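**Q** For this note's numbering, count along the sequence shown from 1 and bump the result up by 507. Quick one: the structure is below, and I'll ask about it shortly.
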Amino acid sequence: MLKLHELSLQRGGKPLLEQVSLTIHSGQKVGFIGANGTGKSSLFAILQGDLQADSGDLDYPAHWQIAHVAQETPAVARSALDFVIDGDRELRALEAQLEYAEQQHQASQIGELHAHMAAIDGYSAEARASRLLNGLGFQQHELQKPVAEFSGGWRVRLNLGQALMCRSDLLLLDEPTNHLDLDAVIWLEQWLRAYPGTMLLISHDRDFLDRVVDSIAHLEHRSIKLYTGGYSAFEEQRATRLAQQQAAFLKQRRERDHLQSFIDRFRAKASKARQAQSRLKTLSRMEELAPAHFDSPFGFSFPAPAKLPNPLLTLDRIDAGYGASDPNVKPILRQLSLTLQPGIRLGLLGPNGAGKSTLIKTLAGLLPPCQGERLEGLGLSVGYFAQHQLEQLRPDWSCLRHLQNLDAQASEQAIRDFLGGFGFVGEQALAPVEPFSGGEKARLALAMLVWLRPNLLLLDEPTNHLDLDMRRALSLALQDYEGALILVSHDRHLLRSSCDEFLLVYGGTAKPFTGDLDDYRRWLEQANSERGSDSTESGGVSSAQNRREQKRQEAQRRNQLASLRRPLEQAVRKLEQQIEKIQQRLAELERELAAPELYESAHKTRLKTLLQEQGEQRRALDELENRWLELQEELETIAATAT
């Protein structure tokens, strides 16, 4: 297990963690959440040995192999495939020993090393690395491409692939979904769920957390509190705890007011002086309870656009791509027609490289059509957000100056009030943006976009670097937006809450997708399966007899797996019913415990009974959830066998 014992940490004189104690068991998957600057990445740096705690202890087994995603990728000539295989350090060490033994003609040593290589599945390393790269969105022909030829975002994926390739006991992932598209996120979820080691994950993607982790570690007020379950369970548990905290705070405030009233009335009277002093000591000994605060530091809305032409924009039988000036370059999308009206809210789905960003850039007017017409409505105002907007910020300018550059007529106070909704308050609104974090720069770029009051909003992965509070604020603002919205995002919560329709970009076109995001996951699995089977055909030719035999074997295999899966699924359903019943009872208990009058002396017995039952129910819930997790792992093993 991994244990923190009274660990404290300061950075730049600012205390981040104070005497934190935390135990994480082997095989546990924990999501670390909290506002930016609360110490999540610093804690990971301590685990990696890059940072020393100011006090306290960090303990984990000495033999543990720790894997993490490197922050930088050297521009090397090494192929993408070899670079990822390098993540298996044990394999590379064995290969070096084997090469030396062969040079020295050490026959017995060579035999032992080959046996060790087989034991760690070393001979399948290339196949494993290929699957990792394919899952992360790399095409087969790119596997031998030098690392130096990939862009920054794709090098981040290579670093992630190298970390996943490592035969690790502890996997540290800091925002792994940044720079991934939805397809790669879905694949990564499945990979991490099957990962057998201990995993610590920093993420601001609530759906990703719900699907991958079994616990949430919340960093707040220089402390860490561990919650059972995913992010949704954390929200429910924390809301209940805050309600109880608020009830305790109100009860304590009434007691303090009563004591203070007695002291004020009788302190000057000799006959009551001793009693007043006693009350004063009682008051001074009372632990100060903070009121419950659950307010986000962010809150903004999109002002109504100055104009709403109808239609806003029309694409009439266009071919879209990067070859408008070169007839030899084939378009990515062909004969596409699309009409955007005010109020339309479209989410773009489709595999990596199918043309989602190409479509958005064409809508934005950044890519002229190779063929066909792009027709703008009178008064069209496009707001386009993509990651390159962050690079266009002036490092020597402040947030205030960036907005003044957009609107010279706006008063400084109006701009500062507006920036406050994006978390830029006080001196930060006047400071140069050069040292800003990625999240702060993304917030500023969004603030500039909102200020311009666009009537067509094009958002290409807007949540990269944004924390949970800012994502929630963006989701709420988009729900009230009056213009047209086109969204590409790997954040499924944002897609679900902001979009009414989906457009599937695939096979050189874009068509309405009638299902939801779960349907898209199934569609994607089928599409990947078909592509995989096509790639194994020799020259695209396969005999009908072979295909029939393959289908017969696949059907037989599915039936065998179903017979193994069915009793497990029945047990899971029974457990889920029991878990739901206990959760309902716990919710009832928590509502009863939130009642202020329960804490009066007359109700001590009832309070004790409720607290005892709450403890028993929680222990029962933990046992059921652990059994549920064991069954899920068995089902996942069967599912992995099926693939």
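Backbone N, C-alpha and C fix where the C-beta goes; we use that ideal spot for every residue, glycine too. Small disclaimer: the values here were computed from a predicted structure and weren't measured.
1) I'd like the span of the beta strand (DSSP E) that includes Gly-563, first residue to last.
2) Please look up how many angstroms separate the CB atoms of Ala-1017 and Leu-866, rounded, as I've assumed it's under 8 Å.
3) Less than 8 Å between the beta carbons of Glu-478 and Ser-730, yes or no?
4) Within a Cβ cutoff of 6 Å, which residues of the same chain sit near Ala-622, ignoring the five residues on either side of it in sequence?
5) So for Ile-839, helix, strand or coil by DSSP?
6) Hey, is the stretch 582-595 in contact with the stretch 526-537, meaning 3+ C-beta pairs nearer than 8 Å?
7) Buried or exposed for Ala-952, please, with buried defined as at least 16 other CB atoms from any protein chain shown within 10 angstroms of its CB.
8) Please check the pair Asp-595 and Ala-632, which I expect to be a contact at CB under 8 Å, by giving their CB distance rounded to whole angstroms.
9) Taking C-alpha atoms, which residue in Glu-1104, Trp-1135, Glu-919, Leu-523 lies nearest to Gly-541?
10) In this structure, does DSSP put Glu-1087 in helix, strand or coil?
11) For the candidate residues Glu-883, Leu-926, His-1000, Ala-614, whose alpha-carbon lies nearest to that of Gly-806?
12) Rounded to the nearest angstrom, what separates Tyr-1106 and Gln-935 at their Cα positions?
13) Kindly list the residues whose CB is nearer than 6 Å to the CB of Leu-1093, restricted to its own chain and excluding five residues on each side of it in sequence; keep chain order.
14) Could you please give the first and the last residue of the uninterrupted alpha helix (DSSP H) stretch that includes Ile-617?
15) Once you ignore the five residues that flank Thr-821 on each side, which residues in its own chain have a CB closer than 6 Å to its CB?
16) Between the Cα of Gly-1015 and those of Ile-839, Ala-740, Pro-568, Thr-705, spot the shortest distance and give me the residue it belongs to.
17) Pick from Ala-827, Asn-817, Pro-683: whose alpha carbon is nearest that of Leu-873?
18) Taking the continuous beta strand (DSSP E) assigned at Thr-1016, which residues delimit it?
19) Starting from Gln-920, trace the alpha helix (DSSP H) in both directions and tell me its first and last residue.
20) What separation, rounded to the nearest whole angstrom, lies between the Cα atoms of Asn-962 and Gln-894?
21) Starting from Ser-549 and walking both ways along the beta strand (DSSP E), at which residues does that stretch end?
22) Between Leu-992 and Ser-1005, how many whole angstroms is the CB-CB distance? I'm expecting something under 8 Å.
23) Please report the distance separating the alpha-carbon of Thr-735 from that of Gly-556.
24) Between the stretch 944-951 and the stretch 847-856, can you find at least three pairs of beta-carbon atoms closer than 8 Å?
25) Can you tell me the Cβ-Cβ gap for Asn-666 and Val-576, rounded? I've got them flagged as a contact below 8 Å.
26) Quick check: what's the CA-CA separation for Ser-549 versus Leu-558?
27) Judging by CA-CA distance, which residue of Leu-716, Ser-658, Leu-994, Pro-703 is the nearest neighbour of Pro-693?
28) Where does the unbroken alpha helix (DSSP H) through Glu-606 begin, and where does it stop?
29) Where does Pro-858 land, buried or exposed, given buried means 16+ other C-beta within 10 angstroms?
30) Please go through the same chain and pick out, in chain order, the residues whose beta-carbon is closer than 7 Å to the beta-carbon of Ala-655, but skip the five residues on each side of it.
31) Distance check for Asn-1035 and Ala-560, CA to CA, integer angstroms please.
32) Going along the chain, which residues of its own chain have a beta-carbon closer than 6 Å to the beta-carbon of Phe-892, five neighbours each way excluded?
33) With DSSP as the reference, label Thr-1043 as helix, strand or coil.
**A** For this structure:
1) Gly-563 -> beta strand (DSSP E) spans 562-566.
2) With a Cβ gap of about 6 Å, Ala-1017 and Leu-866 count as contacting.
3) Limits of the chain in this structure are 508 at one end and 1150 at the other, which puts residue 478 out of reach.
4) Answer for Ala-622: no residue qualifies.
5) Residue state, collapsed to three classes: coil.
6) Contact fails: fewer than three Cβ-Cβ distances are below 8 Å.
7) Around the Cβ of Ala-952, a 10 Å sphere holds 16 or more other Cβ atoms; the residue is buried.
8) Confirmed, about 6 Å.
9) Nearest to Gly-541 by alpha-carbon distance, out of Glu-1104, Trp-1135, Glu-919, Leu-523, is Leu-523.
10) Here Glu-1087 sits in helix by DSSP.
11) Nearest C-alpha to Gly-806: Leu-926.
12) So the two alpha carbons sit approximately 44 Å from each other.
13) If we look at Leu-1093 and ignore the five residues flanking it on each side, its Cβ neighbours are Gln-1124.
14) That run of the alpha helix (DSSP H) goes 614-626.
15) Within the same chain, Thr-846, Leu-882 come within 6 Å of Thr-821 by CB-CB distance, once the 5 residues on both sides are set aside.
16) The shortest Cα separation from Gly-1015 among Ile-839, Ala-740, Pro-568, Thr-705 belongs to Ile-839.
17) Residue Ala-827 is the option with its Cα nearest to Leu-873.
18) Segment 1016-1020, the beta strand (DSSP E) holding Thr-1016.
19) For Gln-920, the enclosing alpha helix (DSSP H) begins and ends at 919-927.
20) Taking the straight line joining both Cα atoms gives about 21 Å.
21) Ser-549: not part of any beta strand (DSSP E); member of the alpha helix (DSSP H) spanning 547-554, first to last residue.
22) Correct: roughly 7 Å between the Cβ atoms.
23) Going from the Cα of Thr-735 to the Cα of Gly-556 covers about 28 Å.
24) Output reads no: the stretch 944-951 does not touch the stretch 847-856.
25) By a beta-carbon distance limit of 8 Å, Asn-666 contacts Val-576. Their separation comes to about 5 Å.
26) Taking the straight line joining both Cα atoms gives about 7 Å.
27) For the sequence presented, residue 693 should be read as Ile rather than Pro. For the residues Leu-716, Ser-658, Leu-994, Pro-703, the minimum Cα distance to Ile-693 belongs to Leu-716.
28) Per DSSP, the unbroken alpha helix (DSSP H) holding Glu-606 starts and ends at 596-610.
29) Taking every protein chain shown into account, the CB of Pro-858 has 16 or more other CB atoms within 10 angstroms, so this residue is buried.
30) The residues are Ala-582, Val-583, Ala-584.
31) Ala-560 and Asn-1035: Cα-Cα distance of roughly 46 Å.
32) Around Phe-892: Leu-956, Leu-966, Pro-969.
33) Low local confidence applies: a pLDDT of 44 at Thr-1043 is under 50, so the model's placement there is unreliable, and no value is given.
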